[in-house]
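> Just so you know, the sequence shown maps onto residues 139 to 209 in our numbering.
Below is one structure. I have some questions about it.
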Amino acid sequence: MPDELEVTGATESGVVMAVQHKTLPICGVHFHPESVLTEHGYQMIGNWLEICGDKGARARSEGLSPVVIRS
Numbered sequence: 139m140p141d142e143l144e145v146t147g148a149t150e151s152g153v154v155m156a157v158q159h160k161t162l163p164i165c166g167v168h169f170h171p172e173s174v175l176t177e178h179g180y181q182m183i184g185n186w187l188e189i190c191g192d193k194g195a196r197a198r199s200e201g202l203s204p205v206v207i208r209s
């Protein structure tokens, strides 16, 4: 990992999933579209939208959970 970056998210096994620049407003997340179907998927989207300037996105995402329709 470059010295300029810090890990802000990782899996239980240590796989890096999110990074942030230490001095600049630059961050990144490892994201797959199906991640929204995980337990905290909507929260992750809300957090990202909030960082991107969508004020209130984090609050709107609270309490949401995926609905999976099986046929």
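Where a beta carbon is used, it is the ideal one built from N, C-alpha and C, also for glycine.
Since this is a predicted model, take the numbers as computed values, not measurements.
Within its chain, find whatever has a CB closer than 6 Å to the CB of Q158; leave out the 5 residues flanking it on each side and keep chain order.
As a first step, residue 158 must be located in the sequence shown, where it is residue number 20. Hits under 6 Å: E144, T146 and C165.
> In or out: G191 buried (at least 16 other Cβ within 10 Å) or exposed?
Translated into the one-based positions of the sequence shown, residue 191 becomes position 53. Under this definition G191 is an exposed residue.
> At what residues does the beta strand (DSSP E) containing L143 begin and finish?
Your numbering for residue 143 matches position 5 in the sequence shown. Note, L143: beta strand (DSSP E), L143 to A148.
> If L162 sits next to P204, beta carbons under 8 Å apart, how far is it from one beta carbon to the other, in whole angstroms?
Walking along the sequence shown from the start, residue 162 turns up at place 24. Walking along the sequence shown from the start, residue 204 turns up at place 66. Not a contact, Cβ separation roughly 33 Å.
> Tell me the DSSP secondary structure of G166 in three-state form.
By 1-based counting over the sequence shown, the position of residue 166 is 28. Here G166 sits in strand by DSSP.
> Helix, strand or coil, according to DSSP, for M182 in the structure here?
For the purposes of this step, residue 182 is taken as residue 44 along the sequence shown, with counting starting at 1. Of the three classes helix, strand and coil, the one that applies to M182 here is helix, per DSSP.
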